[in-house]
Amino acid sequence: MKRIIAVSNHKGGVGKTTSVVNIGAGLARSGKRVLLIDLDPQANLTISFGIQEAEKTIYGSLKGEYELFPMNVGENLDIVASTLDLSGAETELSSEAGREYILQELIEPITGNYDYIIIDCPPSLGLLTINAFTAVEEVFIPLQPHYLAIKGLAKIIEVINKIKRRLNKSLEITAVFVTLYDKRKILHRDVLQTIKTYFGDRVFYTKIRENIALAEAPSAGNDIFSYDASCNGADDYRRLVKEIIEMEDKDNG
Ligand SMILES: Nc1ncnc2c1ncn2[C@@H]1O[C@H](COP(=O)(O)OP(=O)(O)OP(=O)(O)O)[C@@H](O)[C@H]1O
Ligand SMILES: [Mg+2]
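Below is the structure:
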């Protein structure tokens with residue numbers, strides 16, 4: 006089974022990139038062939054794997070200069086790197102015919118090489134994110150348990166529904182999960198409850214707790230399993246990955 010997933014939330018700093026790194030690494034460790042695509046000009050995903058400057062990036066591919074250029078960063082794990090130059094892409098591509106489908110066209114020839122393709126979206130709902138939404142079937146939304154985070158959800162749901170109607174009928178929000186969670190905070194528990202009333206069983210049982218090792222690992226160019234296999238962050242992402250793999254059975258049956 007092949008899954009193509011965008012990890013998106015237009016709110017910044019909610020744990021998108023951290024989740025893409027560690028879900029990707031966890032899936033690869035479970036024997037899945039994984040490609041991660043950094044679609045954010047901040048290039049945090051790229052940097053998290055210790056890549057400072059890549060020769061070929063998503064930017065050049067989107068501009069039509071070359072095909073996607075996956076770089077191997079571990080067993081079963083490849084990444085398409087990003088670069089700050091990507092910040093100009095939205096304007097540069099805005100007058101292209103079929104500008105919403107450029108990424109989809111790039112991904113199509115290599116889907117056979119992977120079990121999972123996961124796209125790290127920028128914190129916006131502009132043309133780059135729309136390119137992700139036309140290229141995938143699934144959207145995962147990481148959320149920080151704050152009231153304002155719930156308010157922001159209405160916007161991303163609206164955009165996804167519009168893309169689904171107009172550009173990609175297969176698009177679905179298949180998972181929502183909470184990051185930077187602290188169960189001692191009553192607010193966090195309340196917000197989690199509210200999210201469950203919106204999304205029901207699409208909310209992952211696993212909550213990613215606040216854990217400093219998750220913030221430290223990228224500076225070592227490591228995923229959490231290599232950095233500290235026994236910390237809470239590694240435990241949480243291990244459990245999240247298990248839930249993601251279990252969805253495969255649900256979808257088949
Ligand atoms: N569970 C966690 N515990 C502690 N720190 C975390 C956790 N998850 C993420 N962080 C830290 O919080 C910051 C924001 O996380 P991250 O970069 O993953 O968010 P993002 O949604 O990708 O941000 P952006 O919108 O800017 O792309 C980073 O410094 C990261 O290391
Ligand atoms: Mg990010």
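Residue numbers (the working numbering): 6 to 258. All residues carry an ideal CB built from backbone N, CA and C; glycine is no exception.
Top-ranked residue by Cα proximity to residue i, from the options
{"i": "Ile-165", "options": "Met-6, Lys-7 and Ser-13", "result": "Ser-13"}
{"i": "Ile-115", "options": "Ala-33, Phe-74 and Asn-49", "result": "Phe-74"}
{"i": "Glu-97", "options": "Asn-77, Gly-79 and Leu-133", "result": "Leu-133"}
{"i": "Ser-129", "options": "Lys-160, Glu-80 and Glu-142", "result": "Lys-160"}
Straight-line gap, residue i to residue j (C-alpha atoms, nearest Å)
{"i": "Arg-170", "j": "Lys-156", "result": "23 Å"}
{"i": "Gly-31", "j": "Val-39", "result": "10 Å"}
{"i": "Tyr-232", "j": "Ser-100", "result": "44 Å"}
{"i": "Gly-131", "j": "Gln-109", "result": "16 Å"}
{"i": "Arg-194", "j": "Ala-180", "result": "18 Å"}
{"i": "Ser-235", "j": "Gly-36", "result": "20 Å"}
{"i": "Glu-105", "j": "Arg-189", "result": "43 Å"}
{"i": "Gly-258", "j": "Ile-250", "result": "Bear in mind that the predicted position of Gly-258 carries a pLDDT of just 49, short of 50, making it unreliable; the figure below should be weighed with that in mind. Their Cα atoms are separated by approximately 14 Å."}
{"i": "Glu-221", "j": "Gln-149", "result": "19 Å"}
{"i": "Ala-137", "j": "Cys-126", "result": "7 Å"}
Extent of the continuous alpha helix (DSSP H) to which residue i belongs
{"i": "Val-33", "result": "The amino acid at residue 33 is misidentified as Val; the sequence shows Ala. Note, Ala-33: alpha helix (DSSP H), 21-34."}
{"i": "Asp-228", "result": "Segment: none, Asp-228 is in no alpha helix (DSSP H) and carries neither H nor E."}
{"i": "Val-196", "result": "191-204"}
{"i": "Leu-112", "result": "One detail in the question is off: residue 112 reads as Ile in this sequence, not Leu. Segment 107-112, the alpha helix (DSSP H) holding Ile-112."}
Residues bridged to residue i [DSSP beta-bridge criterion]
{"i": "Arg-214", "result": "Tyr-186"}
{"i": "Ile-124", "result": "Ala-11 and Ile-42"}
{"i": "Pro-147", "result": "Phe-182"}
{"i": "Glu-163", "result": "DSSP, once it has assigned bridges, lists no residue as partnering Glu-163."}
{"i": "Ile-135", "result": "The partner list for Ile-135 (beta bridge, DSSP) is empty, contrary to what the question assumes."}
{"i": "Glu-177", "result": "Glu-143"}
{"i": "Val-208", "result": "Val-181"}
Under 9 Å between C-beta atoms of residue i and residue j
{"i": "Phe-209", "j": "Leu-158", "result": "no"}
{"i": "Ile-213", "j": "Tyr-186", "result": "yes"}
{"i": "Ile-28", "j": "Phe-54", "result": "no"}
{"i": "Leu-89", "j": "Ile-63", "result": "no"}
{"i": "Ile-9", "j": "Ile-168", "result": "no"}
{"i": "Thr-22", "j": "Leu-67", "result": "no"}
Endpoints, the beta strand (DSSP E) within which residue i is located
{"i": "Gly-79", "result": "76-79"}
{"i": "Ile-84", "result": "82-85"}
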